[in-house]
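Take a look at the structure set out below.
In the working numbering, the protein residues as written are 11 to 305.
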């Protein structure tokens, strides 16, 4: 089971930067951050609930702490996502992806303090090695055109990183409160529709955006709708991964998406790359393998 989860996590992290690039495009197009993050819930979750009901396995968690944790996770996640989307519009795509990948270190610390996860000396060394790999990405040669500049977008992304790490810890904590994955999934479907829907509506009112116009404009575009379904299916994979893997392992595997983001930034946004980034990829791969093997 753990081996399958790790394989899926690798695939998930190689694919997800592509969805983030699509979200960036939607943000630049003027859609609300909460519309972008809530769209997969709207198009997929009702269908998911229907499937579970037809199969006769729909079952909500009875522990009220699950819903409280999910609500807190939603609020912190909404704030973090808004900060990240704003940062993406004000700095380079790759710079924000680099910052996001440092969440593995923050989550590892929080998982130890909040969830009681423990690490071996070699795992700590793997975390440090991963950090060095990330730094090789973050400070490439000036001539490559990929200079990491501490502009406003980067600072917003860093703040989003810290808040999102808290959100991920509560995501995992909520998973521990569900007796089975089916209950976790049932609770997620319902909680996402209610909490994210409420946050979405409040954000639209807050910025004085026509909720009806926003909804019609966003979901009237079939290309955006297709992206929403793609993200929703990818999120289902991450949902299972969060349920079965320790928070630290899941977050450590997140840095595997850096080589993918580096290639995507080079191809789609013409952002420069260097040999130092290739070296960073090698260190990241070694760090992930070391962390997973030396439990």
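Even for Gly, the Cβ is constructed at its ideal location relative to N, Cα and C.
Would you decide whether residue 128 is buried or exposed? Buried here means 16 or more other CB atoms lie within 10 Å of its CB.
exposed
Going by C-alpha to C-alpha distance, which of 204, 92, 125 and 134 sits closest to residue 181?
Scanning 204, 92, 125 and 134 for the CA closest to the CA of residue 181 turns up 125.
Give the secondary structure of residue 189 by DSSP, where H, G and I count as helix, E and B as strand, and everything else as coil.
coil
Cutoff 6 Å; reference residue 58; Cβ partners in own chain excluding five residues on either side:
199
Cβ distance (whole Å) where residue 131 is taken to contact residue 297 below 8 Å
Contact flag wrong, Cβ pair sits at about 14 Å.
Please confirm whether residue 52 and residue 91 have their CB atoms less than 7 Å apart.
no
C-beta atoms of residue 203 and residue 55 nearer than 7 Å
yes
For the stretch 65-82 and the stretch 186-197, state whether three or more C-beta atom pairs, one from each stretch, are separated by less than 8 Å.
Under the 8 Å Cβ criterion, the stretch 65-82 counts as touching the stretch 186-197, having at least three qualifying pairs.
Three-state class that DSSP yields for residue 223 in the structure shown
Secondary structure of residue 223 (DSSP, three-state): helix.
Any idea if residue 232 is buried or exposed, counting beta-carbon neighbours within 10 angstroms, 16 or more meaning buried?
exposed
State whether the stretch 113-123 contacts the stretch 211-218, with contact taken as three or more CB pairs (one from each stretch) at a distance under 8 Å.
At 8 Å Cβ cutoff, the stretches do not touch.
Residue 56 (DSSP reduced to helix, strand or coil)
The three-state reading of DSSP puts residue 56 in helix, counting H, G and I together.
How big is the Cα-Cα spacing for residue 169 and residue 176?
11 Å
For residue 78 and residue 201, what's the separation of their Cα atoms in angstroms?
When only Cα atoms are considered, residue 78 and residue 201 end up about 10 Å apart.
Just checking my contact of residue 300 with residue 167 at CB under 8 Å: how many whole Å lie between their CB atoms?
Actually they do not touch by this definition, with Cβ atoms about 27 Å apart.
For residue 162 and residue 100, believed in contact at Cβ under 8 Å, the rounded distance
At roughly 5 Å, the Cβ-Cβ gap stays under 8 Å, so residue 100 and residue 162 are in contact.
Hey, quick one: how far does the alpha helix (DSSP H) through residue 239 stretch, first residue to last?
232-254
What is the DSSP secondary structure of residue 134, counted as helix, strand or coil?
helix
Contact set for residue 229: own chain, Cβ-Cβ below 7 Å, skip 5 residues either direction
If the five residues before and after residue 229 are omitted, its C-beta is found closer than 7 Å to the C-beta atoms of 235, all from its own chain and listed in chain order.
So the candidates are 238, 256, 252 and 249; which of them puts its Cα closest to the Cα of residue 29?
238
Residue 95 lies in the alpha helix (DSSP H); which residues open and close that run?
74-100
Count the other CB atoms within 10 Å of the CB of residue 313; is the residue buried (16 or more) or exposed (fewer)?
For the chain, the structure presents residues 11 to 305; residue 313 sits outside this window and is missing.
Just how far apart, CA to CA, sit residue 117 and residue 173?
10 Å
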